[in-house]
Amino acid sequence: MARIADYRSRLLEELESLSEERIKALADFASYLRQREEWESTAEILGNEEMAEQIRESREAWSEGRREEFLSLDELKAELDV
Numbered sequence: 134m135a136r137i138a139d140y141r142s143r144l145l146e147e148l149e150s151l152s153e154e155r156i157k158a159l160a161d162f163a164s165y166l167r168q169r170e171e172w173e174s175t176a177e178i179l180g181n182e183e184m185a186e187q188i189r190e191s192r193e194a195w196s197e198g199r200r201e202e203f204l205s206l207d208e209l210k211a212e213l214d215v
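Per my numbering, the sequence shown starts with residue 134, numbered consecutively.
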């Protein structure tokens, strides 16, 4: 975890010396990286046949009104003790 803090600190230091144009480019690139990471995670989940089937089944259950198969946020928090 310390390495992440070091990288963030270094990034902020580097940011101070950049022009407005370069800061905009960096912000756009950071946005691209975040979106790519999200897509990779989605592809990984959908590539897992068991998980993809669970998602399909839960969508079907929800659309059929079988709400008793789901937990509310409060129920989930209680179950996870958070």
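Glycine residues also receive a C-beta, built at the ideal position from the N, C-alpha and C atoms.
Counting only the same chain and skipping the five closest in sequence on each side, list residues whose C-beta sits under 8 Å from that of residue i.
i: I156; result: L148
i: S174; result: none
i: V213; result: Inspection of the sequence shows that residue 213 is occupied by Leu rather than by Val. There are no such residues.
Cutting at 6 Å between CB atoms, please list the residues of its own chain near residue i, excluding the five before and the five after it.
i: L216; result: No answer is possible for residue 216: it lies beyond the span of the chain, which begins at 134 and ends at 215.
i: L159; result: none
What are the boundary residues of the alpha helix (DSSP H) that residue i is part of?
i: F99; result: What the structure shows of the chain is the stretch from 134 to 215, and residue 99 is not part of that stretch, so it cannot be assessed.
i: D139; result: 135-149
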